[in-house]
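J.: Just so we're aligned: the sequence shown equals residues 77 to 501 in the working numbering. If you scroll down you'll find the structure; I have some questions about it.
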Amino acid sequence: MIRRTVSPNFIRSMASASCFYSSNKVLLPSVINFSRSGTEFKLQFIPNYRLPGSRPIVTDTTHVLEQVGRKALTCQPSDSVCQQKDGKDFHDQQALPFAVKPREKGTKPARVLSTKDYIRAYIALTKPNLTFLVMLSSISTYALTPNSAGIAELVFLSIGTMLCSGAANAINMGREPNYDRMMVRTSARPVVRGIVSPKEAFTFAGITGTIGTAILYFGVNPTVAGLGFLNIVLYSWIYTSLKRKSILNTWVGAIVGAIPPLMGWAVSSSLADPGAWCLAALLYAWQFPHFNSLSHNIRSEYKRAGYVMAAFENPKLNARVALRYSFLMFPICFGLAYFNVTDPYFVVDSSLLNGWMSYWTFKFWLQQASNYSRKTLAAGGASQAAVELANGYARKAFWCSVWHLPGILVLAMLHKKGQWDRFFS
Numbered sequence: 077m078i079r080r081t082v083s084p085n086f087i088r089s090m091a092s093a094s095c096f097y098s099s100n101k102v103l104l105p106s107v108i109n110f111s112r113s114g115t116e117f118k119l120q121f122i123p124n125y126r127l128p129g130s131r132p133i134v135t136d137t138t139h140v141l142e143q144v145g146r147k148a149l150t151c152q153p154s155d156s157v158c159q160q161k162d163g164k165d166f167h168d169q170q171a172l173p174f175a176v177k178p179r180e181k182g183t184k185p186a187r188v189l190s191t192k193d194y195i196r197a198y199i200a201l202t203k204p205n206l207t208f209l210v211m212l213s214s215i216s217t218y219a220l221t222p223n224s225a226g227i228a229e230l231v232f233l234s235i236g237t238m239l240c241s242g243a244a245n246a247i248n249m250g251r252e253p254n255y256d257r258m259m260v261r262t263s264a265r266p267v268v269r270g271i272v273s274p275k276e277a278f279t280f281a282g283i284t285g286t287i288g289t290a291i292l293y294f295g296v297n298p299t300v301a302g303l304g305f306l307n308i309v310l311y312s313w314i315y316t317s318l319k320r321k322s323i324l325n326t327w328v329g330a331i332v333g334a335i336p337p338l339m340g341w342a343v344s345s346s347l348a349d350p351g352a353w354c355l356a357a358l359l360y361a362w363q364f365p366h367f368n369s370l371s372h373n374i375r376s377e378y379k380r381a382g383y384v385m386a387a388f389e390n391p392k393l394n395a396r397v398a399l400r401y402s403f404l405m406f407p408i409c410f411g412l413a414y415f416n417v418t419d420p421y422f423v424v425d426s427s428l429l430n431g432w433m434s435y436w437t438f439k440f441w442l443q444q445a446s447n448y449s450r451k452t453l454a455a456g457g458a459s460q461a462a463v464e465l466a467n468g469y470a471r472k473a474f475w476c477s478v479w480h481l482p483g484i485l486v487l488a489m490l491h492k493k494g495q496w497d498r499f500f501s
């Protein structure tokens with residue numbers, strides 16, 4: 077049997093345990109030596125040794141103490157202790173009298189991910205709901221062009237737009253996992269959960285972006301392809317970078333949303349047509365009541381994640397901008413009729429939806445103006461009831477905007493200039 081010197085830390089641990097158990101008249105084992113076979117140490121105990129006035133130790137207690145002693149002698153500390161510091165193992169810094177190789181813990185995941193799990197993760201990288209909305213806006217404006225092309229161009233536009241949008245979203249997720257995990261809304265994203273690494277997200281974005289741009293270039297035309305590539309750059313790099321620097325990121329993000337209508341129009345018509353820019357302005361203006369009302373109710377999450385948003389930087393401005401662009405929808409819809417994209421009746425029908433959204437953004441703005449007025453701030457701030465009232469108006473404005481956009485686009489297609497002429501001619 078090979079004799080070794082026991083670590084002073086172990087002796088102190090056993091002495092402390094001895095004091096406790098002796099006070100309760102429990103027998104403690106005495107370590108006389110230990111043997112080493114490979115990397116395992118075995119303790120030998122003196123079962124007959126008794127402290128004055130103690131009772132014999134029970135089997136279960138002996139087993140527990142033996143396990144404690146074995147772990148101490150084999151140096152199996154907690155995970156936080158077994159860390160490499162400055163390129164040198166922690167055990168080396170403690171100058172142990174013998175070399176010990178800690179037992180390696182298993183790294184097998186709790187559940188092996190299936191192929192279906194990875195497919196779902198990569199689909200989630202594209203933000204499918206947002207991608208569908210982008211594709212819908214480009215298809216709708218394509219349908220509104222006076223010189224609609226064939227079905228082939230429509231299919232290529234849909235697939236190419238979807239791939240370009242997915243690429244931009246994948247780059248966005250790959251760049252922001254450390255920030256996304258701080259928000260409830262984004263904490264379940266695949267890069268945050270570790271299913272997809274940032275490098276894999278960038279590779280996926282490179283493939284989908286290249287294929288999408290190529291489909292738009294060869295299947296539609298170079299103008300549409302250039303707009304698709306521009307949108308990838310604007311969203312994944314400029315907008316994503318500005319989110320942590322300035323509230324202007326919202327205005328840049330609105331430009332990103334205004335480009336897909338231009339892509340749909342450019343399939344078969346010239347971008348010099350004022351109707352194309354009216355449709356782009358429609359999507360640009362819509363995003364402010366939509367996003368500003370959304371960001372208001374999750375402003376604390378944005379702040380915690382380090383994003384600079386008007387919702388907490390300047391709450392009054394946030395509500396005022398939402399109202400301002402809600403009102404702007406009225407002249408934009410009038411412009412669509414004026415430039416012969418739709419018939420004049422569209423102005424009447426669209427005013428109902430625009431008025432609905434303007435009503436809730438007005439209530440939101442009015443409450444925020446009251447909550448952050450000088451009189452309210454001088455009195456110590458708005459009451460909890462007033463804050464909850466503003467939150468409720470913001471939620472209603474948000475859900476109103478969700479239904480507003482598809483409603484406006486459907487009405488525009490129904491009122492397309494000359495759409496019903498063949499039925500009444």
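We put the beta carbon where it would ideally sit given N, CA and C, even for glycine.
From the DSSP output, in three-state form, read off lysine 492 for me.
T.: To locate residue 492, count along the sequence shown from 1; it is residue 416. Residue state, collapsed to three classes: strand.
J.: May I have the straight-line CA-CA distance separating glycine 250 from glycine 285, to the nearest angstrom?
T.: As a first step, residue 250 is located in the sequence shown; it is residue number 174 there, counting from the start. As a first step, residue 285 is located in the sequence shown; it is residue number 209 there, counting from the start. Those two C-alpha atoms are separated by around 14 Å.
J.: Measuring straight from C-alpha to C-alpha, what distance separates asparagine 467 and tryptophan 436?
T.: Position 391 of the sequence shown, counted from the first residue, corresponds to residue 467. Position 360 of the sequence shown, counted from the first residue, corresponds to residue 436. If you take the alpha carbons of asparagine 467 and tryptophan 436, they lie about 12 Å apart.
J.: Considering Cα atoms alone, identify which of Asn205, Gly282, Phe422 is closest to lysine 493.
T.: Sequence index remark: in the sequence shown, residue 493 carries index 417 (1-based). The residue with the shortest Cα to Cα distance from lysine 493 is Phe422.
J.: Taking 6 Å as the limit between beta carbons, can you name the residues of its chain near glycine 295, skipping five residues before and five after?
T.: Your numbering for residue 295 matches position 219 in the sequence shown. Closer than 6 Å at Cβ, skipping near neighbours: Phe232.
J.: Let me know if phenylalanine 280 comes out buried or exposed under the rule of 16 or more other beta-carbons within 10 Å of its beta-carbon.
T.: Position 204 of the sequence shown holds residue 280. Answer is buried; the Cβ neighbour count reaches 16.
J.: Express the C-alpha separation of serine 214 and valine 343 in angstroms, rounding to a whole number.
T.: By 1-based counting over the sequence shown, the position of residue 343 is 267. By 1-based counting over the sequence shown, the position of residue 214 is 138. Approximately 10 Å, taken between the alpha carbons.
J.: Between which two residues does the alpha helix (DSSP H) containing alanine 361 stretch?
T.: Indexing the sequence shown from 1 puts residue 361 at position 285. Alanine 361 -> alpha helix (DSSP H) spans 350–373.
J.: Using the DSSP secondary-structure output, state which residues sit across from threonine 279 in a beta bridge.
T.: To locate residue 279, count along the sequence shown from 1; it is residue 203. Threonine 279 pairs with nothing; no bridge assigned.
J.: Ignore the nearest five residues each way along the sequence and tell me which others in glutamate 377's own chain have a CB closer than 6 Å to its CB.
T.: Stepping through the sequence shown from its first residue, residue 377 is reached at position 301. Closer than 6 Å at Cβ, skipping near neighbours: Met259.
J.: Using only the alpha-carbon positions, how far apart do phenylalanine 367 and alanine 461 sit?
T.: Taking the sequence shown and counting its residues from 1, the one referred to as residue 367 is at position 291. Taking the sequence shown and counting its residues from 1, the one referred to as residue 461 is at position 385. Rounded to the nearest angstrom, the two C-alpha atoms are 23 Å apart.
J.: Taking just the CA atoms, how far does leucine 453 sit from lysine 184?
T.: Taking the first residue of the sequence shown as 1, we reach residue 184 at position 108. Taking the first residue of the sequence shown as 1, we reach residue 453 at position 377. Reliability of the predicted coordinates at lysine 184 is poor, the pLDDT of 47 falling under 50, and the value obtained from them is presented with this limitation in mind. Their backbone Cα atoms lie some 56 Å apart in a straight line.
J.: Beta-carbon separation of valine 332 and tyrosine 315 under 9 Å?
T.: The count along the sequence shown starts at 1 and reaches residue 332 at position 256. The count along the sequence shown starts at 1 and reaches residue 315 at position 239. Cβ atoms of valine 332 and tyrosine 315: closer than 9 Å.
J.: Could you check the C-alpha separation between alanine 243 and leucine 412 for me, to the nearest Å?
T.: On the sequence shown, residue 243 is found 167 positions in, with the first residue counted as 1. On the sequence shown, residue 412 is found 336 positions in, with the first residue counted as 1. Distance between the alpha carbons of alanine 243 and leucine 412: 31 Å.
J.: If you drop the 5 nearest sequence neighbours on each side, which residues of the same chain put their C-beta closer than 6 Å to that of alanine 334?
T.: Along the sequence shown, one-based indexing puts residue 334 at 258. These residues qualify, in order along the chain: Ala356, Leu359, Tyr360.
J.: Could you tell me the distance, in whole angstroms, from the CA atom of alanine 348 to the CA atom of valine 417?
T.: Reading the sequence shown from its first residue, position 272 is the one you call residue 348. Reading the sequence shown from its first residue, position 341 is the one you call residue 417. Distance between the alpha carbons of alanine 348 and valine 417: 14 Å.
J.: Around the Cβ of leucine 172, are there at least 16 other Cβ atoms within 10 angstroms (buried) or fewer (exposed)?
T.: Here the question's residue 172 lines up with position 96 in the sequence shown. Its pLDDT being 40, under 50, leucine 172 is placed unreliably by the model, and the measurement read from it follows with that caveat. Exposed, because fewer than 16 other Cβ atoms sit within 10 Å of the Cβ of leucine 172.
J.: Take the Cβ of tryptophan 479 as the centre, count every other Cβ of all protein chains shown within 10 Å, and call the residue buried at 16 or more, exposed below.
T.: As a working mapping, residue 479 is identified with position 403 in the sequence shown. By the neighbour-count rule (16 or more Cβ atoms within 10 Å), tryptophan 479 is not buried but exposed.
J.: Hey, could you find the ends of the alpha helix (DSSP H) valine 423 is sitting in?
T.: Reading the sequence shown from its first residue, position 347 is the one you call residue 423. 421–447 is the extent of the alpha helix (DSSP H) around valine 423.
J.: Span of the alpha helix (DSSP H) holding lysine 192?
T.: For the purposes of this step, residue 192 is identified with residue 116 of the sequence shown, where counting begins at 1. 191–201 is the span of the alpha helix (DSSP H), which, as asked, contains lysine 192.
J.: Can you tell me the Cα-Cα spacing of proline 350 and phenylalanine 415, whole angstroms?
T.: Taking the sequence shown and counting its residues from 1, the one referred to as residue 350 is at position 274. Taking the sequence shown and counting its residues from 1, the one referred to as residue 415 is at position 339. If I take the Cα positions, the gap works out to 7 Å.
J.: If you drop the 5 nearest sequence neighbours on each side, which residues of the same chain put their C-beta closer than 7 Å to that of tyrosine 401?
T.: Locating residue 401 in the sequence shown gives position 325, counting from the first residue. So the list reads Ala361, Phe364, Pro365, once near-sequence residues are dropped.
J.: Quick one: what does DSSP say threonine 418 is sitting in, helix, strand or coil?
T.: Taking the first residue of the sequence shown as position 1, residue 418 is located at position 342. DSSP places threonine 418 in strand when its eight states are reduced to three.
J.: My assumption, with CB atoms under 8 Å, is that cysteine 240 sits in contact with isoleucine 308. Please give the rounded CB distance.
T.: Reading the sequence shown from its first residue, position 164 is the one you call residue 240. Reading the sequence shown from its first residue, position 232 is the one you call residue 308. With a Cβ gap of about 6 Å, cysteine 240 and isoleucine 308 count as contacting.
J.: Where does isoleucine 122 land, buried or exposed, given buried means 16+ other C-beta within 10 angstroms?
T.: Translated into positions along the sequence shown, residue 122 becomes position 46. Any reading at isoleucine 122 must be qualified, since the residue scores a pLDDT of 45, below 50, and its modelled position is unreliable; the value itself is stated next. So isoleucine 122 ends up on the exposed side.
J.: State buried or exposed for lysine 369, treating a residue as buried only when at least 16 other CB atoms are found within 10 Å of its CB.
T.: Here residue 369 corresponds to residue number 293 of the sequence shown, with the count starting at 1. In the sequence as presented, lysine is not what sits at residue 369; that position holds serine. It is buried - the Cβ of serine 369 has at least 16 other Cβ atoms within 10 Å.
J.: From leucine 490 to leucine 338, what distance separates their C-alpha atoms?
T.: If you number the sequence shown from 1, residue 490 lands on position 414. If you number the sequence shown from 1, residue 338 lands on position 262. So the two alpha carbons sit approximately 20 Å from each other.
J.: Just to confirm my understanding: we take aspartate 425, look at its own chain, exclude 5 residues before and 5 after, and list those with CB closer than 6 Å. What are they?
T.: Within the sequence shown, the letter at position 349 stands for residue 425. Excluding residues within five positions, the ones whose Cβ falls inside 6 Å are Leu487.
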